[in-house]
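Residue numbers (UniProt numbering): 1 to 205.
To start, the structure under review is shown below, and the notes come after it.
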């Protein structure tokens with residue numbers, strides 16, 4: 001049994017989609033940001049960084065794993081899915097996972113902040129992060145012209161990590177009209193039952 005601590009953000013959806021794709025039982029513990037639950041001492045023992053998602057593997061001595069990319073790698077290795085054992089194929093998947101972790105997520109996250117939440121509108125910051133997000137989308141577009149999925153011809157943790165962010169582009173009204181391959185990829189993955197169900201975690205009360 002996996003205990004999942006999460007909220008309805010792109011990073012949170014990575015973990016729930018992965019668990020749904022694996023088809024393993026898990027229990028959801030919604031984290032309420034408005035109450036700063038992610039900063040409470042009990043949660044910091046699971047994730048010292050005070051962010052979501054995090055998991056606790058009850059079948060492995062209550063082993064905690066934090067950071068969404070690390071969670072995907074841990075689950076992929078434990079259950080033998082979505083991360084090839086071939087060294088080259090494995091490296092390609094991890095490279096694209098790191099591209100999401102170090103690029104798409106942080107840059108689009110900053111775009112979200114400056115477009116939606118900043119107390120004052122700063123055009124330079126808004127343009128900088130929106131334009132960088134678009135540049136990163138062009139990298140994804142180029143890759144998807146070469147292969148069906150980010151790591152090759154099979155679904156991997158790189159796709160699971162990246163899709164929730166691309167899906168969440170509408171938050172700042174980003175269009176995929178200039179990225180037809182990326183748009184087709186997003187729609188294809190979005191039709192998978194596990195992606196649909198995982199995107200609804202945690203359930204809205």
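The beta-carbon is built from N, C-alpha and C at its ideal position, and this holds for glycine as well.
According to DSSP, is residue i part of a helix, a strand, or is it coil?
i           : result
residue 26  : strand
residue 132 : helix
residue 36  : coil
residue 119 : coil
residue 159 : helix
residue 97  : helix
residue 179 : coil
residue 202 : coil
residue 10  : helix
residue 82  : coil
residue 187 : helix
residue 173 : coil
residue 148 : coil
residue 154 : coil
residue 67  : coil
residue 59  : helix
residue 2   : strand
Measure the C-alpha to C-alpha separation of residue i and residue j and round it to an integer number of angstroms.
i           : j           : result
residue 37  : residue 184 : 37 Å
residue 60  : residue 5   : 17 Å
residue 195 : residue 106 : 22 Å
residue 51  : residue 146 : 35 Å
residue 167 : residue 58  : 31 Å
residue 90  : residue 64  : 23 Å
residue 186 : residue 148 : 11 Å
residue 41  : residue 109 : 26 Å
residue 71  : residue 165 : 17 Å
residue 162 : residue 104 : 8 Å
residue 188 : residue 111 : 25 Å
residue 121 : residue 130 : 14 Å
residue 13  : residue 128 : 26 Å
residue 175 : residue 62  : 42 Å
residue 151 : residue 66  : 23 Å
residue 39  : residue 170 : 29 Å
residue 209 : residue 79  : Residue 209 lies beyond the range of the chain shown here (1 to 205); nothing can be said about it.
residue 24  : residue 124 : 45 Å
residue 135 : residue 115 : 17 Å
Considering Cα atoms alone, identify which of the options is closest to residue i.
i           : options             : result
residue 199 : 11, 178 and 66      : 11
residue 138 : 182, 160 and 122    : 182
residue 154 : 92, 2, 66 and 58    : 92
residue 49  : 35, 68 and 34       : 68
residue 2   : 82, 53 and 96       : 53
residue 27  : 56, 39 and 160      : 56
residue 8   : 23, 135, 113 and 30 : 30
residue 96  : 81, 46 and 144      : 144
With 16 as the cutoff for other CB atoms within 10 Å, does residue i come out buried or exposed?
i           : result
residue 118 : exposed
residue 142 : exposed
residue 206 : The question about residue 206 has no answer, for the chain in this structure spans 1 to 205.
residue 156 : buried
residue 33  : exposed
residue 43  : buried
residue 191 : exposed
residue 173 : exposed
Using 8 Å as the threshold, is the segment 16-29 in touch with the segment 70-77, meaning 3 or more CB pairs across them?
yes
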